[in-house]
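Here's the structure, in structure tokens; my notes come after.
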Amino acid sequence: MEQIGHHIDGARIAGTSGRSADVMNPATGEVQAQVALASKAEMDAAIARAAEAQKGWAATNPQRRARVMMKFAQLINDHIDELAELVSREHGKTLPDGRGDVQRGLEVVEVCIGAPHMLKGDYTDSGGPGIDLYSMRQPLGVVAGITPFNFPAMIPLWKLAPALACGNAMILKPSERCPSTAMRLAELIEEAGLPKGVLQVVNGDKEAVDAILDNDTIQAVGFVGSTPIAQYIYGRACANGKRAQCFGGAKNHMIIMPDADLDKAADALVGAGYGAAGERCMAISVAVPVGQATADALIEKLVPRIEKLKVGPYTAGADVDYGPVITAAAKQRILNLIDSGVAQGATLVTDGRDFSLQGYEAGYFIGPSLFDNVTPEMDIYREEIFGPVLSQVRTDSYEDALNLVIDNPYGNGTAIFTADGDTARDFAHRVNVGMVGINFPIPVPLSYHTFGGWKKSAFGDLNQYGPDAFRFYTKTKTVTARWFSGIKDGGEFNFKAMD
Ligand code: NAD
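Positions 254 to 752 (this note's numbering) are the ones given, in order, by the sequence shown.
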């Protein structure tokens with residue numbers, strides 16, 4: 254059985270806590286590896302070593318650090334198939350989707366090649382007689398990234414690339430369900446020139462996370478995962494005086510206007526609703542057609558598309574549309590939610606509960622399910638299902654549809670499909686959601702913009718990647734400098750030094 258330890262000071266080492274977790278193969282239900290779960294003592298030791306390594310890295314000039322990013326990007330490209338396979342093997346997503354997972358992380362590394370430009374400070378020449386002011390961005394020190402199972406490459410890269418490009422050291426605590434990709438990324442970035450110890454991958458669960466939150470050396474925590482854990486980590490990190498940005502769960506709605514191209518809307522809904530088995534924080538889980546005729550027509554378009562979906566293991570390559578969900582417990586929870594939808598009066602148009610795949614009977618597969626006539630009180634509407642389940646909520650007007658999105662406690666992503674620019678523009682302006690798609694179902698911004706939800710989808714005040722990341726991972730120091738040529742002798746007692 255493969256044993257996965259930690260990546261510390263440039264080497265894979267075994268855990269010493271005596272605790273480990275099973276890493277499952279979601280397609281077969283078999284244990285494929287065991288991952289060490291770090292104790293507080295192991296975490297504290299890794300952080301102390303990172304603090305030592307950070308000093309030299311911070312003193313390395315920004316362009317040299319950027320060259321490490323450039324080489325790292327090249328190595329990710331060279332190893333993209335291997336990395337995609339690591340993603341898919343533990344997560345279960347299809348290989349093309351595994352490649353996409355790596356690719357969307359790689360794009361953030363590419364932007365970090367331009368870090369020196371982002372780290373340039375501000376300068377005021379002659380702010381007063383003989384007085385200049387300049388602001389510089391300095392690294393924070395040791396920061397932590399705590400990441401979820403659903404993007405084993407992309408989200409670790411969103412965290413580590415900007416943090417390291419800014420001159421910090423990072424403790425990366427990946428999901429214990431999908432630890433291997435982060436371990437491999439650490440090897441590749443060291444091959445690209447990152448000094449040992451600057452990136453420590455410490456595997457673990459709540460004990461490791463709490464050790465991060467309570468360690469005084471950790472200056473900032475970047476988290477991505479479910480909302481209750483995001484809120485917990487944000488609260489504890491802030492209470493301990495750390496900078497924190499914690500991104501949580503989602504319930505993303507897509508409004509379909511009567512004038513929308515319904516074929517394109519249905520294609521988009523099927524991809525965004527069922528892709529990656531619905532295990533994306535930007536998945537569309539609620540379709541909101543405006544008008545009964547739009548709703549009826551949309552169901553007619555969706556059903557044949559859903560019935561054609563191919564569900565299977567990642568080893569089938571591009572021949573499957575989505576794979577299993579992550580654990581047996583996740584599967585059971587999703588099946589229970591589907592049962593609750595039926596019990597609470599929603600119409601189950603397509604039922605994926607009895608799906609079974611020959612040879613993979615113990616895998617965590619669920620067929621695609623489609624609900625119609627869902628109402629906001631139902632559990633299937635209120636909960637983030639995080640599975641291959643799409644709910645249709647019927648509305649009578651654009652205002653009703655918009656208010657449904659506005660009233661939802663989550664605010665990660667949303668979309669509108671329409672042929673009318675005025676409606677689209679109104680929607681983009683008024684909706685209280687962080688990422689908006691117009692005839693675009695999964696509006697994950699490109700890497701030189703920033704990613705972040707609103708409401709209960711994010712805690713903290715800066716987004717991930719793009720310009721916000723360079724603000725999050727640095728602190729500003731402002732120097733007011735005066736040189737004494739031409740200054741009269743004697744003290745000055747007035748406060749107005751700048752006139
Ligand atoms: P999760 O919250 O269970 O786990 C995320 C991380 O937190 C993992 O590293 C895990 O080890 C750790 N963790 C879990 N329980 C903990 C506890 N009690 N105390 C301290 N740490 C704990 O999330 P997940 O199931 O891995 O990921 C799925 C969730 O992530 C979904 O809700 C999804 O919407 C969300 N997500 C959000 C975004 C975003 O950018 N907003 C992106 C991807 C995923």
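The beta-carbon is built from N, C-alpha and C at its ideal position, and this holds for glycine as well.
Between residue 501 and residue 483, the C-beta spacing is below 8 Å.
A contact is defined here as three or more CB-CB pairs under 8 Å, and the region 598-615 fails this definition with respect to the region 533-543. Here residue 745 carries a coil assignment [DSSP, helix/strand/coil]. The C-beta distance from residue 355 to residue 328 rounds to 12 Å, too long to fall under 8 Å, and the pair is not in contact.
Taking the Cβ of residue 458 as the reference point, at least one heavy atom of the ligand NAD falls within a distance shorter than 7 Å. Cα atoms of residue 486 and residue 586: separation of roughly 24 Å, rounded to the nearest angstrom.
Beta-bridge partners of residue 475 (DSSP): 398 and 498. Put simply, the backbone Cα of residue 716 is about 16 Å away from that of residue 357. Uninterrupted alpha helix (DSSP H) stretches at least 4 residues long and entirely within the region 371-422 occur at 407-418, given in chain order.
Using a 10 angstroms sphere on the CB of residue 656, the tally of other CB atoms stays under 16, which defines it as exposed. Distances between the C-beta of residue 426 and the heavy atoms of the ligand NAD include at least one below 7 Å. For residue 599, the three-state secondary structure derived from DSSP is coil. For residue 317, the enclosing alpha helix (DSSP H) begins and ends at 315-331.
The DSSP-derived three-state label of residue 701 is coil. In this structure, residue 326 sits away from residue 418, with a CB-CB distance that is not shorter than 8 Å. Each residue's CA atom was taken as its position, placing residue 517 and residue 523 some 10 Å apart. Counting C-beta pairs closer than 8 Å gives three or more between the region 638-657 and the region 545-553, which meets the contact rule.
Residue state for residue 278 is assigned as strand, using DSSP reduced to three classes.
Between the ligand NAD and the CB of residue 565, the shortest heavy atom gap is not smaller than 7 Å.
Between residue 388 and residue 707, the alpha-carbon positions lie close to 30 Å from each other. Within the region 568-621, complete beta strand (DSSP E) segments of at least 3 residues are found at 600-603, given in chain order. With respect to residue 399, residue 426 sits close: the two C-beta atoms are nearer than 8 Å.
Listed as beta-bridge partners of residue 707 by DSSP are 664. Residue 254 carries a coil assignment under DSSP once its states are collapsed to helix, strand and coil.
Distance from the Cα of residue 635 is smallest, within the candidate group 538, 562 and 747, for 538. The beta carbon of residue 637 sits closer than 7 Å to at least one heavy atom of the ligand NAD. Its chain contains 303, 306, 307, 395 and 451 as the residues whose beta carbon lies nearer than 6 Å to that of residue 422, once the 5 sequence neighbours on both sides are disregarded; these appear in chain order.
Closest option to residue 370, judged by alpha-carbon separation, among 317, 299 and 477: 317.
With a cutoff of 8 Å on beta-carbon distance, residue 291 and residue 461 are scored as near each other. Contact between residue 339 and residue 430 is absent: CB atoms are separated by about 13 Å, not below the 8 Å threshold.
Annotation for residue 643: the continuous beta strand (DSSP E) segment containing it runs 642-645. When DSSP reads this structure, residue 712 sits in a beta bridge with 499. Restricting attention to 691, 581 and 605, the CA atom closest to the CA of residue 284 is found in 581. In terms of CA proximity to residue 288, 456 leads the group 456, 678, 660 and 280. Here residue 530 is near residue 575, since their CB atoms are less than 8 Å apart. From the listed residues 343, 667 and 375, the smallest Cα separation to residue 733 is found for 375.
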